[in-house]
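Trainee: First to last, the protein sequences are chains C and F. The first sequence runs contiguously to residue 329 in my numbering. The second sequence runs contiguously to residue 324 in my numbering. Backbone N, C-alpha and C fix where the C-beta goes; we use that ideal spot for every residue, glycine too. Since this is a predicted model, take the numbers as computed values, not measurements.
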Amino acid sequence: MIKARNRSGFTLLEVLISLAIMGMVMATVMQTVQQTRMAVDAIHNIAETENVGPRILDQIRNDIENIVVSDITDYNLLQGEDQTIIGAGADKLDLIVNRRSYIPALSDDGDRLLYPYLNEVGYRLKQNPQRSDFLELYRREDALIDDDPFRDGSYALIYDRIVSLDIQYAKRPDFDIFWEDSWDSKVEQSLPFAIKVFLEIEIQPRRSIESLNIIQANRARLSFTDVIHIPEEKRWRFRHHFQPGRLVDAQDDSAGTGDAISDAATGGSGLGAPSGSRNEEPPKEN
Amino acid sequence: MAAVTLLALIFTTVMQIRAGAIDKAVRGRSLSISARLGKSLLHQIESGLVIDLVDGYTGDFSEEGFGQFKYVVGIGDSSQYSSVSANDLEDIWRDYRKNQDEDNAGDEDIKKPEFTRVFITITYPTSAKDETEDYVLEALVDTWAVERDFELYDFLWPELDPEEIR
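(1) Output needed for Val299 (chain F): all residues of its chain with C-beta closer than 7 Å, excluding positions within five of it in sequence on either side, in chain order.
(2) Under a CB-based cut-off of 7 Å, is Asp204 (chain F) close to chain C?
(3) In the DSSP assignment, find the unbroken alpha helix (DSSP H) run with Phe169 (chain F) in it and report its ends.
(4) Under a Cβ-count criterion, where at least 16 other Cβ atoms within 10 Å of its own Cβ denotes burial, should Asp117 (chain C) be classed as buried or exposed?
(5) Just how far apart, CA to CA, sit Asp134 (chain C) and Asp106 (chain C)?
(6) Could you name the residues of the same chain whose beta carbon sits closer than 7 Å to that of Phe169 (chain F), not counting the 5 residues immediately before and after it, in chain order?
(7) Near Trp302 (chain F), what residues of its chain come up, given a Cβ to Cβ distance below 6 Å and the 5 sequence neighbours on each side ignored?
(8) Would a check of beta-carbon distances place His87 (chain C) closer than 7 Å to chain F?
(9) Determine the DSSP secondary structure at Gly66 (chain C), reduced to helix, strand or coil.
(10) Rounded to whole angstroms, what is the Cα-Cα separation between Gly178 (chain F) and Tyr293 (chain F)?
(11) Which value, in whole angstroms, describes the spacing of the CA atoms of Ile273 (chain C) and Glu243 (chain C)?
(12) Strictly by DSSP, which residues pair up with Arg275 (chain F)?
(13) On the DSSP letters alone, give me the boundaries of the beta strand (DSSP E) that Lys135 (chain C) sits inside.
(14) Run through chain F and tell me which residues come within less than 7 Å of Thr71 (chain C), C-beta to C-beta.
(15) Taking the C-alpha atoms as reference points, what is the distance between Asp224 (chain C) and Ala131 (chain C)?
(16) Would you mind working out which of F:Ile175, F:Ala166, F:Leu164, F:Gly232 sits nearest Asp213 (chain F), comparing C-alpha positions?
(17) Exposed or buried, Ile139 (chain C), counting other C-beta atoms within 10 Å across all chains shown (16 or more means buried)?
(18) For the beta strand (DSSP E) containing Val208 (chain F), list its first residue and its last residue.
(19) Is Ala160 (chain F) buried or exposed, if buried means 16 or more other CB atoms sit within 10 Å of its CB?
(20) Quick one: grab the DSSP three-state call for Thr284 (chain F).
(21) Between the beta-carbon of Gly153 (chain C) and the beta-carbon of Ile210 (chain C), is there less than 7 Å?
(22) Against chain B, which members of the stretch 265-280 of chain C pass a CB distance test of less than 9 Å?
(23) Taking the beta carbon of Gly196 (chain F) as the centre, do at least 16 other beta carbons fall within 10 Å, making it buried, or is it exposed?
(24) With 9 Å as the C-beta to C-beta threshold (strictly closer), list the residues of the stretch 213-225 of chain C near chain F in chain order.
(25) Counting contacts by CB-CB distance shorter than 7 Å, is Val58 (chain C) in contact with chain F?
(26) Tell me where the beta strand (DSSP E) around Leu265 (chain C) begins and ends.
(27) Per DSSP, what kind of secondary structure is Phe219 (chain F) in: helix, strand or coil?
(28) Give me the chain C residues within the contact set of Val162 (chain F), using Cβ-Cβ distance strictly less than 8 Å, ordered along the chain.
(29) Short check: CB of Leu168 (chain C) to CB of Leu180 (chain C), under 7 Å?
(30) Quick one: list the residues of chain F neighbouring Pro97 (chain C), beta-carbon separation under 8 Å, in chain order.
(31) Using the C-alpha atoms, what's the distance from Asp307 (chain F) back to Lys239 (chain C)?
(32) Can the beta-carbon of Asp137 (chain C) be found less than 7 Å from the beta-carbon of Phe193 (chain C)?
(33) Would Asp185 (chain C) and Gly196 (chain C) be called neighbours here (beta carbons separated by less than 7 Å)?
(34) Using a cut-off of 7 Å between C-beta atoms, extract the partners of Phe219 (chain F) located in chain C.
(35) Rounded to the nearest angstrom, what separates Glu163 (chain C) and Arg183 (chain C) at their Cα positions?
(36) Look up Asn171 (chain C) in the DSSP assignment and say whether it is helix, strand or coil.
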């Protein structure tokens with residue numbers, strides 16, 4: 044009698060089913076890994092375009108809003124020039140700000156690094172040496188104020204893929220506001236009412252730029268516009284050279300003139316307010 | 159069979175986690191863009207560049223490249239304008255202005271306040287289809303800028319002769 048052999052192992056059908064399941068699992072895992080990689084690239088692209096631009100504008104805004112008007116001996120405080128490089132807007136801006144410097148300066152004895160709170164600041168663009176169709180944006184910083192506040196200092200690269208930077212200036216608020224392409228506070232003897240900054244940048248895209256599109260976010264080039272309003276009190280003080288030191292000097296020098304200035308000083312809500320107008324009631328509503 | 163069921167459960171969980179992560183990423187990005195666009199609009203209001211703010215209006219940020227982000231802007235706080243469609247908005251503002259005029263009628267001595275509260279409500283998309291969320295921004299802005307009252311501006315900040323002052 045022939046005994047049936049005790050066969051252990053899998054049937055062909057079992058092996059095929061397990062292979063199919065393994066194949067499905069592997070395919071899903073690979074797809075997930077691929078999608079994760081593409082998501083990382085897309086997030087890089089989104090973060091670059093949508094965050095770099097606002098960060099640059101914030102930097103310019105912080106500088107302009109911290110413009111110094113006291114202790115300035117003349118109107119040489121802000122200078123904006125209209126320029127183009129390779130046909131793209133590459134405007135220049137220089138001003139004096141009351142912000143802690145990013146770049147340290149050596150103390151007189153040369154032993155310590157100082158971060159002064161009074162600095163000359165500027166923005167400059169030059170052609171990108173690697174990619175000629177882009178501009179590089181630099182921030183100039185020069186500690187304290189020297190005879191030529193719009194030159195010299197140290198330059199820090201902010202971004203190297205700028206398409207254009209246009210800065211415009213409005214003299215005063217109006218129904219039909221007129222934007223000028225340049226501004227020299229020494230010529231105008233005043234600060235602009237508002238400064239409009241138009242910035243266009245393009246990022247260095249990762250390889251899967253077209254691969255994942257989260258609500259149409261994955262774009263390489265974006266433009267940003269911001270309007271920076273210089274506080275009226277600051278403009279007024281600068282325009283009228285209304286400074287504590289000058290006030291005291293004027294009172295000492297001439298009683299008559301001093302009274303006039305003193306009236307102007309005490310009439311407002313504080314030093315620097317326009318002559319009496321801040322304490323007066325605004326006109327009646329029509 | 160048990161192994162297949164287990165696998166199915168694991169896959170379902172992984173896919174749910176993935177969908178949740180994408181949803182959070184989209185919401186985070188949308189909120190960040192809404193805040194930036196809202197601030198940008200607020201800066202324009204501060205500079206007296208936004209027309210017809212008193213009557214209020216709706217719009218979108220397609221000029222900035224974000225057409226899916228829509229806004230409602232107006233005077234006051236945003237609560238009275240919440241949950242209204244663009245079609246209802248004009249009627250609500252008309253009622254609001256009418257009530258204001260009625261409250262102020264006969265009061266000759268009424269003065270303009272130095273600041274006026276403005277609000278911007280930005281509606282942004284989420285990852286779920288046809289689902290949106292709101293981001294609300296409120297701020298006190300100079301009245302002359304909100305109403306574009308440049309006579310008031312000149313009154314507050316008169317142009318004097320610097321030489322004369324000195």
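Mentor: By the coordinates alone:
(1) Ile203, Glu204, Phe273, Thr274, Val276
(2) The question names Asp, but residue 204 (chain F) in the sequence shown is Glu. For Glu204 (chain F), the answer is yes, since a Cβ of chain C falls inside 7 Å of its Cβ.
(3) 160-204
(4) exposed
(5) 16 Å
(6) none
(7) Leu310, Tyr311
(8) no
(9) helix
(10) 21 Å
(11) 23 Å
(12) F:Leu298
(13) 135-140
(14) Phe169
(15) 14 Å
(16) F:Gly232
(17) buried
(18) Taken as a continuous stretch (DSSP letters only), Val208 (chain F) belongs to no beta strand (DSSP E), as it is neither H nor E.
(19) exposed
(20) coil
(21) no
(22) Included in the structure are the protein chains C and F, with no chain B among them.
(23) buried
(24) Ala213, Arg215, Pro216, Asp217, Phe218, Ile220
(25) no
(26) 264-272
(27) strand
(28) Ile64
(29) yes
(30) Arg194
(31) 21 Å
(32) yes
(33) yes
(34) Going along chain C, no residue has its Cβ under 7 Å from Phe219 (chain F), so there is no contact; the nearest lies around 11 Å.
(35) 8 Å
(36) coil
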